[in-house]
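Note that the protein sequences, when read in sequence, are chains A and B.
Letter 25 of the first sequence, counting from 1, is numbered 24 in numbering that gives the first Met the number 0, and no numbers are missing.
Letter 72 of the second sequence, counting from 1, is numbered 71 in numbering that gives the first Met the number 0, and no numbers are missing.
No residue lacks a Cβ here, since even glycine has one placed at the ideal position from N, Cα and C.
Since the structure is predicted, the reported quantities are computational estimates derived from the model, not experimental observations.
The block underneath contains the structure these notes are about, expressed in C-alpha cells.
There are 2 protein chains.
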Amino acid sequence: MTEPRTDTRDRLIDAYCELVAASGARSATLDAVAARAGVSKGGLLYHFGSKDALLSGVLDRLRRLAAADTEAMRAAPEGAAHYYVRTSVVAGAGGGDTMDKDVITVLRLAQEGEERAVEAYREVSENWRAALEEQLGDRTLSRIVQLLGDGLWMNSSMHVPVDDLEEVIERLEEVIGSRHAASGG
Amino acid sequence: MTEPRTDTRDRLIDAYCELVAASGARSATLDAVAARAGVSKGGLLYHFGSKDALLSGVLDRLRRLAAADTEAMRAAPEGAAHYYVRTSVVAGAGGGDTMDKDVITVLRLAQEGEERAVEAYREVSENWRAALEEQLGDRTLSRIVQLLGDGLWMNSSMHVPVDDLEEVIERLEEVIGSRHAASGG
DNA sequence: GTCTATAACTTGATAGAC
DNA sequence: GTCTATCAAGTTATAGAC
C-alpha cells in the first residue's frame, strides 16, 4: 500500500463508467463525472490530471476484473458457454456488477474509435474465447458462442429486450451436447 | 417532384453517416459534416435547419432502404440466413453500400441513447427477424441467426476482424439443414 | 485533497449579405 | 442556395486559495 489509498479514485472511475453506460461517452463530461462522484471538477483533476488518465483507469481495472472473470467462467458449474451468454445480457442491461459496467464502457469507447479501448477489448475478448474453446474443444463453436453473447450485449445496450433468451440458450446447449456426443467428449 | 430537387441534401446525409460510422457520433459536428459534403455550415443549416432534422433525414432513408433490403433477403438465392450473416460483416467494416452506412449510423446513435434511433432500429430489426423466421420456420433459430449477425456487426464496427467467418456460416448451414430435415421441410 | 475562478477552445444556431 | 460573421452555451484544462 505505498500508493495513495483514497477510494475517491474508484468512485470517480465508477461515475465515469456509469455515465458512459447509461447515456454514451458524450455525456461523461468532467463536470458530470465529478458531480456524480460527489467532488468538484478540480477534485477530479487532482486525482486523474486529464480525461485520458481517467480512461487509463478504466482500462486497467477492466483488465484486472476480466482476468478474474475468465477464471470464474472456467469454474462455472453450468459450463463456460452458458455462463458467458447469460452474463452478456446482464452486462448490457446495466444492472450488473463492477466489471459489467467496465465492459460496456470500454466497448462503447472502442466503437467510437478510441484506439486504446479497442486494444483492451481485443485482449480480454480473445482470453474469453480461448477459455470457451478450452471447454468446448471446438474453435468455430467457441466463436459462435461468443458472437451470440456479443449480439445479446448489443441489443441489451440499446434497451432492446431479447424476449426468448431461454430458448436461445436451450438450443445452444443442444448443439453443444450433440457435438460432445459426436466427438466422444 | 414538388419538393426542391437538390442532391446536396443527400450528400449531407451521406457525410453525416460516414462521419458517425468512422469515428462515432461525437465527431459528426455541423462543421465537419458541412466540410465533408463540400458546403459551409450555413449551407447545411439551410437544408436541414438543425442537427435533429439531419437525424430525421437518416432515419427516413434507413426505413426506406431497409424495406427494400428485406425483400432482397427473401429473394436471396443463398437463403435469407446466409444473406443476413454475410451482409452483417460488410456493413460493420464500413465498405458497404448506402444502407450499410445508414444502419451503422442508427445503431451507433441508438447505443448513445437517442430514442428515435432506438425506435427505428427496433422496427427494421423486427422486420428482418420476421423475414428470417418466414424462411427458417423456427422462431428461436431466426433469433440465433440475427444475434450472430449482430455480434458480427459489433466486432466489425470496432475493426476487430472475425477471421473464421466462413466456418461460422458453414456450421450455421449445418444446424439449419438438420432442422429442416427433422421437421420434414 | 478539495475548492473556486478563469482561460482557451469548440459547438449548435442565428442574422444578414450576395 | 450558399456564404461570412457572430453569439451563447458548454468543454477541457490551468492557477492558485484554503
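Discussion item. What are the residues in the stretch 19-43 of chain A lying within 9 Å of chain B by C-beta distance?
Written reply: A21, S22, G23, A24, R25 and S26
Worksheet item: Taking C-beta to C-beta, are A:W127 and A:A65 nearer than 9 Å?
Response: In the first sequence, residue 127 of chain A corresponds to position 128, counting from 1. In the first sequence, residue 65 of chain A corresponds to position 66, counting from 1. Going by C-beta atoms, A:W127 is nearer than 9 Å to A:A65.
Practice prompt. Taking only beta-carbon positions, decide if B:Q145 is within less than 9 Å of chain A.
Written response: The residue you call residue 145 of chain B lines up with position 146 of the second sequence. So, interface residue.
Item to complete: Whole angstroms is fine: what's the gap from A:A31's alpha carbon to A:D9's?
Response: Translated into the one-based positions of the first sequence, residue 31 of chain A becomes position 32. Translated into the one-based positions of the first sequence, residue 9 of chain A becomes position 10. Taking the straight line from one Cα to the other gives about 16 Å.
Discussion item. Counting C-beta neighbours from all protein chains within 10 Å, is the total for A:E111 16 or more, i.e. buried, or is it exposed?
Written reply: Residue 111 of chain A sits at position 112 when you count from the first residue of the first sequence. Buried, since its Cβ has 16 or more Cβ neighbours within 10 Å.
Worksheet item: Can you find a CB in chain A that lies within less than 9 Å of the CB of B:A109?
Response: Looking up residue 109 of chain B in the second sequence gives position 110. True, the Cβ-Cβ gap to chain A drops below 9 Å.
Worksheet item: Is B:M157 close to chain A, meaning its C-beta is less than 9 Å from at least one C-beta of that chain?
Response: In the second sequence, counting from the first residue as 1, residue 157 of chain B sits at position 158. Yes, contact with chain A.
Worksheet item: Where does A:T86 sit, in a helix, a strand or coil, going by DSSP?
Response: Numbered from its first residue, the first sequence carries residue 86 of chain A at position 87. Of the three classes helix, strand and coil, the one that applies to A:T86 here is helix, per DSSP.
Item to complete: Check the Cβ of A:E122 against every Cβ in chain B and list those closer than 8 Å, keeping chain order.
Response: Translated into positions along the first sequence, residue 122 of chain A becomes position 123. Ordered by position in chain B, no residue passes the 8 Å Cβ test against A:E122, which lies about 11 Å from the chain.
Practice prompt. Please go through the stretch 105-153 of chain A and give each complete alpha helix (DSSP H) segment of 4 or more residues, from N-terminal end onward.
Written response: 114-135
Discussion item. Among A:D6, A:H46 and A:M72, whose alpha-carbon lies nearest the alpha-carbon of A:V123?
Written reply: Residue mapping note: residue 123 of chain A aligns to position 124 of the first sequence, counting from 1. Taking only the C-alpha atoms, the option nearest A:V123 is A:M72.
Worksheet item: Mind checking if B:R190 is an interface residue toward chain A, Cβ cutoff 9 Å exclusive?
Response: Summary: the structure shown does not reach residue 190 of chain B, with chain B confined to residues 0 through 184, and so no result is reported for it.
Practice prompt. Would you mind sorting A:A130 into buried or exposed? The rule is 16 or more other CB atoms within 10 Å of its CB.
Written response: Indexing the first sequence from 1 puts residue 130 of chain A at position 131. Buried: at least 16 other Cβ atoms inside 10 Å.
Item to complete: Report the neighbours of A:V105 on chain B: residues whose CB is nearer than 9 Å to its CB, in chain order.
Response: By 1-based counting over the first sequence, the position of residue 105 of chain A is 106. The contacting residues do not exist; A:V105 stays about 10 Å from chain B at best.
Discussion item. Suppose contacts are defined by Cβ-Cβ distances below 9 Å. Is B:I168 in contact with A:L171 by that definition?
Written reply: Indexing the second sequence from 1 puts residue 168 of chain B at position 169. Indexing the first sequence from 1 puts residue 171 of chain A at position 172. Taking 9 Å as the Cβ cut-off, B:I168 and A:L171 do not qualify as a contacting pair.
Discussion item. Measuring only the C-alpha atoms, how far is A:A180 from B:G176?
Written reply: As a working note, residue 180 of chain A is residue 181 in the first sequence. As a working note, residue 176 of chain B is residue 177 in the second sequence. Approximately 19 Å between the Cα atoms of the pair.
Practice prompt. From the DSSP output, in three-state form, read off B:T97 for me.
Written response: Taking the second sequence and counting its residues from 1, the one referred to as residue 97 of chain B is at position 98. In the structure shown, B:T97 sits in a helix (DSSP, three-state: H, G or I).
Worksheet item: In whole angstroms, what separates the C-alpha of B:V19 from that of B:Y120?
Response: Here the question's residue 19 of chain B lines up with position 20 in the second sequence. Here the question's residue 120 of chain B lines up with position 121 in the second sequence. In a straight line, the C-alpha of B:V19 is about 16 Å away from that of B:Y120.
Discussion item. For the stretch 63-86 of chain B, list every residue whose C-beta sits within 9 Å of some C-beta in chain A, in sequence order.
Written reply: none
Practice prompt. Closer than 7 Å by C-beta to B:S26: which residues in its own chain qualify, once you throw out the five before and the five after it? Chain order, please.
Written response: As a first step, residue 26 of chain B must be located in the second sequence, where it is residue number 27. Result list for B:S26: L18, in chain order.
Worksheet item: With burial defined as no fewer than 16 other Cβ atoms inside 10 Å of the residue's Cβ, what is the status of A:D101: buried or exposed?
Response: For the purposes of this step, residue 101 of chain A is taken as residue 102 along the first sequence, with counting starting at 1. The residue is buried, with at least 16 neighbouring Cβ atoms inside 10 Å.
Item to complete: Would you check if the distance between the CB atom of A:R178 and the CB atom of A:L140 is smaller than 9 Å?
Response: Numbered from 1 along the first sequence, position 179 holds the residue referred to as residue 178 of chain A. Numbered from 1 along the first sequence, position 141 holds the residue referred to as residue 140 of chain A. Taking 9 Å as the Cβ cut-off, A:R178 and A:L140 qualify as a contacting pair.
Discussion item. Does B:S22 come out as helix, strand or coil in the three-state DSSP assignment?
Written reply: Counting from one through the second sequence, the residue named residue 22 of chain B turns up at place 23. Of the three classes helix, strand and coil, the one that applies to B:S22 here is helix, per DSSP.
Worksheet item: When the distance is taken between beta carbons, is A:A34 closer than 9 Å to A:L11?
Response: Position 12 of the first sequence, counted from the first residue, corresponds to residue 11 of chain A. Position 35 of the first sequence, counted from the first residue, corresponds to residue 34 of chain A. No.
Worksheet item: Under 9 Å between the Cβ atoms of A:A109 and B:M157?
Response: Residue numbering aside, residue 109 of chain A sits at position 110 when the first sequence is read from its first letter. Residue numbering aside, residue 157 of chain B sits at position 158 when the second sequence is read from its first letter. Going by beta carbons, A:A109 and B:M157 fall inside the 9 Å limit.
Practice prompt. Pick helix, strand or coil for B:S39, following the three-state DSSP scheme.
Written response: If you number the second sequence from 1, residue 39 of chain B lands on position 40. DSSP places B:S39 in coil when its eight states are reduced to three.
Discussion item. Less than 9 Å between the C-beta atoms of B:L58 and B:R107, yes or no?
Written reply: Counting from one through the second sequence, the residue named residue 58 of chain B turns up at place 59. Counting from one through the second sequence, the residue named residue 107 of chain B turns up at place 108. Cβ atoms of B:L58 and B:R107: not closer than 9 Å.
Discussion item. Give me the residue from A:M98, A:Q134, A:A80 and A:P160 with the minimum Cα distance to A:D13.
Written reply: Taking the first residue of the first sequence as 1, we reach residue 13 of chain A at position 14. Considering only alpha carbons, the answer is A:M98.
Discussion item. Please report whether the beta-carbon of A:T139 lies at a distance below 9 Å from any beta-carbon of chain B.
Written reply: For this step, residue 139 of chain A is matched to residue 140 along the first sequence. Yes, A:T139 lies at the interface with chain B (some Cβ there is under 9 Å from its Cβ).
Practice prompt. Mind reading off the beta-carbon distance from B:E88 to B:S39? Whole number of angstroms is fine, and I expect it under 8 Å.
Written response: Reading the second sequence from its first residue, position 89 is the one you call residue 88 of chain B. Reading the second sequence from its first residue, position 40 is the one you call residue 39 of chain B. According to the sequence as given, residue 88 of chain B is Val; it is not Glu. About 37 Å separates the two Cβ atoms, so there is no contact after all.
Worksheet entry | Cutoff 7 Å; reference B:Y82; Cβ partners in own chain excluding five residues on either side | Taking the second sequence and counting its residues from 1, the one referred to as residue 82 of chain B is at position 83. Closer than 7 Å at Cβ, skipping near neighbours: M72 and A75.
Worksheet item: For A:G41 versus A:Y15, is the C-beta spacing smaller than 9 Å?
Response: Sequence index remark: in the first sequence, residue 41 of chain A carries index 42 (1-based). Sequence index remark: in the first sequence, residue 15 of chain A carries index 16 (1-based). Contact: no.
Worksheet item: A:V174 CB to nearest chain B CB: under 9 Å?
Response: Taking the first residue of the first sequence as 1, we reach residue 174 of chain A at position 175. So yes, A:V174 belongs to the interface.
Worksheet item: Since A:G150 contacts B:L146 with CB under 8 Å, what's their CB separation in whole angstroms?
Response: What you label residue 150 of chain A is simply residue 151 of the first sequence in a count that begins at 1. What you label residue 146 of chain B is simply residue 147 of the second sequence in a count that begins at 1. A:G150 to B:L146, Cβ: 3 Å. Contact.
Worksheet item: Among residues of its own chain, excluding the 5 on either side of B:Q134, which ones have a beta-carbon nearer than 6 Å to its beta-carbon?
Response: Reading the second sequence from its first residue, position 135 is the one you call residue 134 of chain B. If we look at B:Q134 and ignore the five residues flanking it on each side, its Cβ neighbours are A79.
Worksheet item: Terminal residues of the continuous alpha helix (DSSP H) containing B:G78?
Response: By 1-based counting over the second sequence, the position of residue 78 of chain B is 79. Unbroken run through B:G78: none, as it is neither H nor E.
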